[in-house]
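The next block holds one structure in the form of structure tokens; read it before the comments.
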Amino acid sequence: MVRKNAINKYKLPVPKDLLQRIDRTSSPAHLGKLRNAIDFIVDNETPVLAADDGIIIFVNDSSNIGGANPVYWGHTNFIVIMHSNGEYSRYDHLSYNSSKVKVGQHVIAGEEIAKVGMTGYTYLPHLHFQVFVVIGINMWTDFKTLKV
Ligand SMILES: [Zn+2]
């Protein structure tokens, strides 16, 4: 039994039977502070699951554009969950208008929060997942990803 909220222990953020493969290294975006991000290769509209209990602190699902071009970099839909162990999990490339949650909402591990879609800079349908801690005053820039 894994202790609840143990550091670096998270559940799969997509249903196991729908997961095609895990890719930790091939994305050109996984450099520097994103080096511990993980891509879960799945079909579009696959449910995205909360990787642990927590509070939703950010939701954007208003983008409906994306593709294999860096011009789409800022157009990813994503959700961030804050966990009680001080870590955050982030879920990127969500389908337009697919969020099931709102900021401030409590979620439990395994709960569906959205669906996968081709938004932002992405070559193929996948969920970009990262766990991070904030190391400065700006959580969007001052963070580092953790190995999970
Ligand atoms: Zn990625």
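In this note's numbering, the protein residues as written are 14 to 161.
Just so it is clear, CB atoms sit at the ideal spot from N, CA and C, and this is done for glycine as well.
Predicted model, so just to flag it, every value in this text is computed and none were measured.
Can you tell me which of the three DSSP states Leu25 falls into?
-> Here residue 25 corresponds to residue number 12 of the sequence shown, with the count starting at 1. DSSP places Leu25 in coil when its eight states are reduced to three.
Unbroken beta strand (DSSP E) run spanning Gly143, endpoints = Stepping through the sequence shown from its first residue, residue 143 is reached at position 130. Looking at the sequence itself, residue 143 is Gln, so the reference to Gly does not match. His139 to Val147 is the extent of the beta strand (DSSP E) around Gln143.
What residue from Ser40, Pro60, Asp56 and Asp66 has the CA that sits closest to Tyr23's CA?
-> For the purposes of this step, residue 23 is identified with residue 10 of the sequence shown, where counting begins at 1. Here the closest residue by C-alpha is Asp66.
For Leu84, which three-state DSSP category applies?
-> The residue given as residue 84 occupies position 71 in the sequence shown. One detail in the question is off: residue 84 reads as Val in this sequence, not Leu. Val84: helix per DSSP, three-state reduction.
With DSSP collapsed to three states, give me the class of Asp52.
-> In the sequence shown, counting from the first residue as 1, residue 52 sits at position 39. Three-state result, Asp52: strand.
How do the segment 116-130 and the segment 50-68 stand: do at least 3 beta-carbon pairs fall below 8 Å, yes or no?
-> yes
On the three-pair Cβ rule with 8 Å, is the segment 150-160 touching the segment 74-87?
-> no
Name the residue from Ile148, Pro138, Leu159 and Ile150 whose alpha carbon lies nearest to the alpha carbon of Asp52.
-> Stepping through the sequence shown from its first residue, residue 52 is reached at position 39. Nearest option by C-alpha distance: Pro138.
In angstroms, rounded to a whole number, what distance separates the CA positions of Met95 and Tyr134?
-> Here the question's residue 95 lines up with position 82 in the sequence shown. Here the question's residue 134 lines up with position 121 in the sequence shown. Met95 and Tyr134: Cα-Cα distance of roughly 24 Å.
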